[in-house]
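Participant: Before I ask anything, here is the structure I am working with.
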Ligand code: GRF
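In this note's numbering, the protein residues as written are 166 to 387.
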């Protein structure tokens with residue numbers, strides 16, 4: 166019984182800090198980041214945001230973080246000689262805050278292997294479609310144009326591909342006949358924010374694991 170328990174624990178990743186330290190990367194309005202920020206005001210949530218970073222200057226997400234007194238950083242790709250240097254700057258800024266979990270919440274750039282290696286199995290992304298359908302930055306538009314009746318949002322452990330990492334959780338959102346890209350995006354974002362808050366809370370309180378393409382939070386149930 167004890168041996169079994171040890172094997173389960175070994176596979177699980179747990180935050181090194183309590184509350185867990187979250188670094189959130191944003192590119193836009195930051196409503197997903199704000200949802201985590203609000204949830205983290207409750208001590209029982211088990212995590213707090215220690216920094217918010219962006220690949221753009223002057224985003225609403227960064228503004229929200231600053232107003233909440235959270236340290237921020239901005240690195241625009243165009244200010245660097247190469248993509249590698251930009252990745253290294255992002256990596257170094259994130260590393261400074263010793264995160265247990267790095268959350269890409271509406272962050273629209275691909276981070277390279279060097280970045281990911283610095284935070285192994287600790288970078289998650291939320292995508293506004295049901296992967297593997299409709300990866301990339303136009304998830305809701307692509308789903309609408311394809312004519313699917315159900316779409317949603319996916320949280321996954323980030324790998325070097327475009328929205329290809331092991332899936333941690335998914336939530337559905339029906340597509341209405343009269344949906345526009347905007348109306349669908351907003352309805353997806355409602356369920357997406359709730360899912361992100363729930364999943365991050367579970368991960369920091371219960372740990373998480375990955376075996377190949379399978380990943381989840383809490384201990385492995387066999
Ligand atoms: C989310 O729907 C995310 O999936 C997509 O961009 C949106 C970001 O929204 N990549 P916000 O910046 O958190 O409001």
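Backbone N, C-alpha and C fix where the C-beta goes; we use that ideal spot for every residue, glycine too.
Please give the ranges of any beta strand (DSSP E) in the region 195–244, keeping only runs that are unbroken, at least 3 residues long and fully inside the region.
Facilitator: 212–219 and 237–239
Participant: What does DSSP give as the partner residues of residue 352 in its beta bridges?
Facilitator: Here the question's residue 352 lines up with position 187 in the chain shown. Per DSSP, none; premise fails for residue 352.
Participant: Assign residue 175 to one of two classes, buried (16 or more other C-beta atoms within 10 Å of its C-beta) or exposed (fewer than that).
Facilitator: Taking the first residue of the chain shown as position 1, residue 175 is located at position 10. Note on residue 175: pLDDT 48, under 50, position unreliable in the model; the coordinate value appears next. By the neighbour-count definition (other C-beta atoms within 10 Å, threshold 16), residue 175 is an exposed residue.
Participant: Following the continuous alpha helix (DSSP H) through residue 181, name the residue where it begins and the one where it ends.
Facilitator: Taking the first residue of the chain shown as position 1, residue 181 is located at position 16. Looking at the DSSP string, residue 181 is not in any alpha helix (DSSP H), and its letter there is neither H nor E.
Participant: How long is the line joining the alpha carbons of residue 289 and residue 323, rounded to whole angstroms?
Facilitator: Within the chain shown, the letter at position 124 stands for residue 289. Within the chain shown, the letter at position 158 stands for residue 323. Distance between the alpha carbons of residue 289 and residue 323: 5 Å.
Participant: Can you list, in chain order, the residues of its chain with a C-beta nearer than 7 Å to that of residue 257? Leave out the 5 residues immediately preceding and following it.
Facilitator: For the purposes of this step, residue 257 is identified with residue 92 of the chain shown, where counting begins at 1. Within the same chain, residue 257 has no close Cβ partners at all.
Participant: Considering residue 252, what are the terminal residues of the alpha helix (DSSP H) in which it resides?
Facilitator: Numbered from 1 along the chain shown, position 87 holds the residue referred to as residue 252. Counting along the chain, the alpha helix (DSSP H) containing residue 252 begins and ends at 248–261.
Participant: Given this structure, state the Cα-to-Cα distance separating residue 252 from residue 201, to the nearest angstrom.
Facilitator: Start at 1 with the first residue of the chain shown, and residue 252 comes out as number 87. Start at 1 with the first residue of the chain shown, and residue 201 comes out as number 36. Rounded to the nearest angstrom, the two C-alpha atoms are 25 Å apart.
Participant: Taking DSSP as the reference, what is the three-state secondary structure of residue 326?
Facilitator: For the purposes of this step, residue 326 is identified with residue 161 of the chain shown, where counting begins at 1. It is coil, neither helix nor strand.
Participant: Taking C-alpha atoms, which residue in 349, 373, 307 and 329 lies nearest to residue 275?
Facilitator: Reading the chain shown from its first residue, position 110 is the one you call residue 275. Nearest of 349, 373, 307 and 329 to residue 275, Cα basis: 329.
Participant: What does the alpha-carbon distance come out to for the pair residue 347 and residue 379?
Facilitator: Indexing the chain shown from 1 puts residue 347 at position 182. Indexing the chain shown from 1 puts residue 379 at position 214. Answer to the nearest angstrom: the Cα atoms are 32 Å apart.
Participant: Check this for me: beta carbons of residue 192 and residue 224, under 9 Å apart or not?
Facilitator: Counting from one through the chain shown, the residue named residue 192 turns up at place 27. Counting from one through the chain shown, the residue named residue 224 turns up at place 59. Taking C-beta atoms as the reference points, residue 192 and residue 224 count as a pair closer than 9 Å.
Participant: Please return the same chain residues whose Cβ sits closer than 7 Å to the Cβ of residue 313, not counting the five positions on each side in sequence.
Facilitator: Taking the first residue of the chain shown as 1, we reach residue 313 at position 148. Around residue 313: 340.
Participant: Does the beta-carbon distance from residue 178 to residue 304 come in below 9 Å?
Facilitator: Start at 1 with the first residue of the chain shown, and residue 178 comes out as number 13. Start at 1 with the first residue of the chain shown, and residue 304 comes out as number 139. Against a cut-off of 9 Å, the Cβ pair of residue 304 and residue 178 comes out as no contact.
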